[in-house]
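Under our numbering, think of the first position of the sequence shown as 6, with each following residue one higher. Just below is one structure, and these are the notes that go with it.
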Amino acid sequence: MLPAAASLKKQGANNGATTAFLISTPESGVDSMALTYALLDPVMTVARPAAAFATAAAAGIAENLFPSKEGMEAEVPDLTCPVDGCCDGRDCLPE
């Protein structure tokens, strides 16, 4: 599940979508549904994915509305060259 979430994040998913995926996936798997049906009753088998959807949606919305301040600074890449100082392609000499 974590590699799939990392792949979603690399493909451009925002933090809220990734958080919702991480919360809802283990709750709504086939194995957890079968275990819930075997140990509890069919009502809980239906209620479990509904609760997983509700909590995942709430967590995803909360993550998008209230982002953490940590890691908000965009990293500025170092575009300088030690050879000619023109690796960024702007204001370079023709040669």
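Virtual Cβ for every residue (Gly too), placed ideally from N, Cα, C.
Check: Pairing CB atoms from the stretch 7-18 with CB atoms from the stretch 32-48, are three or more of them under 8 Å?
Finding: Segments in contact, no.
Notebook entry, point to check: Does the distance from the CB of Gly65 to the CB of Gly34 come in under 8 Å?
Noted result: No Cβ-Cβ contact shorter than 8 Å links Gly65 with Gly34.
Checklist line | Distance between Ser73 and Ala18 (C-alpha atoms, nearest Å) | finding: Approximately 16 Å, taken between the alpha carbons.
Margin query: Please classify Ser12 as buried or exposed, where buried requires at least 16 neighbouring CB atoms within 10 angstroms.
Written below: Around the Cβ of Ser12, a 10 Å sphere holds fewer than 16 other Cβ atoms; the residue is exposed.
Next item on the list: For Ala59, count neighbouring C-beta atoms within 10 Å of its own C-beta (all shown protein chains included) and say buried if the count is 16 or more, exposed if not.
Entry: When all chains shown are included, Ala59 counts as exposed.
Margin query: Going by DSSP, what residue range makes up the alpha helix (DSSP H) through Asn69?
Written below: For Asn69, the enclosing alpha helix (DSSP H) covers residues Pro47 to Leu70.
Notebook entry, point to check: When burial is assigned at 16 or more other CB atoms within 10 Å of the CB, is Ala25 buried or exposed?
Noted result: Buried, since its Cβ has 16 or more Cβ neighbours within 10 Å.
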